[in-house]
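A.B. asks: Take this structure first; my questions come after.
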Amino acid sequence: MLFGLLGLGCLAVGTVARGTVLPMASLVSEAGGDYVLVAALSGVALLASLPVIASGRESELRQADTPDPEVPARVPPAGREFDETVRGWDYRTPVLGDSARQRVKTRLRTAAVEAVMRERNCGRSRARQLVRRGEWTDDAEAASFLGGPKRSTLATAVAALRRRQTPAEFRARRTAEAVYAVDGGTDR
1 MLFGLLGLGC LAVGTVARGT VLPMASLVSE AGGDYVLVAA LSGVALLASL
51 PVIASGRESE LRQADTPDPE VPARVPPAGR EFDETVRGWD YRTPVLGDSA
101 RQRVKTRLRT AAVEAVMRER NCGRSRARQL VRRGEWTDDA EAASFLGGPK
151 RSTLATAVAA LRRRQTPAEF RARRTAEAVY AVDGGTDR
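Residues in the sequence shown are numbered consecutively from 1, following UniProt numbering.
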């Protein structure tokens, strides 16, 4: 803006210094019609830009605030659904919990088959066969739960009682730990 005003001031001083006070005929004859047109358009543009330049002052400047940083989404810890199911009254109830126990057993069997497939690099049918026979883990309790040779229910009941769990909960937890160990985890 300052340079525009300085230019207009120089033009006015130059015109006055030559002895003419802006006579249009002498201005057009000396500068030519094209220059006068460009000068007129420049003057209009300068007048149109004055409000824009005036509104861009620092006092009118409003800076944007940075948004809050992203926070990680809260998700339940791994195994929470399993823990809640196994602790639930419908799983622990002997007759009423049959469907809940069967769902847990099916999910554990599927997880065991997939873990055996990854660990032994075999197909699904071979992994199912190993799980059915109880040859997928060294944990006899977990092998028995998913189809291996049956273990004594008295030994299971005593082990569960020491941990303050029902035998069904004890077997499910032992099987989950065995699946975790086969899938590359460490035994807890």
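Note that the Cβ used here is the ideal one computed from N, Cα and C, for glycine as well. These numbers were taken from a predicted model, which means no experiment stands behind them.
1) Using DSSP with H/G/I as helix, E/B as strand and the rest coil, what is Trp89?
2) Is the beta carbon of Arg120 less than 9 Å from the beta carbon of Leu130?
3) Just the C-alpha distance for Gly79 and Thr110, rounded to the nearest angstrom, thanks.
4) Please return the same chain residues whose Cβ sits closer than 6 Å to the Cβ of Val86, not counting the five positions on each side in sequence.
5) Of all the options Val116, Ala159, Ala127 and Gly147, which has the alpha carbon lying nearest to the alpha carbon of Tyr180?
6) What is the DSSP secondary structure of Ala73, reduced to helix, strand or coil?
7) Check the Cβ-Cβ distances between Arg87 and every residue of chain D, and say whether any is below 9 Å.
8) Can you give me the C-alpha to C-alpha distance between Glu177 and Glu141, rounded to a whole angstrom?
C.D. replies: According to the structure data:
1) Helix.
2) For Arg120 and Leu130, yes; Cβs fall inside 9 Å.
3) Distance between the alpha carbons of Gly79 and Thr110 is about 15 Å.
4) Same-chain partners within the cutoff: Glu169 and Ala172.
5) Nearest option by C-alpha distance: Val116.
6) In the structure shown, the three-state DSSP call for Ala73 is coil.
7) Absent from the structure is chain D; it holds one protein chain and no more.
8) Near 11 Å, if we compare the C-alpha coordinates of Glu141 and Glu177.
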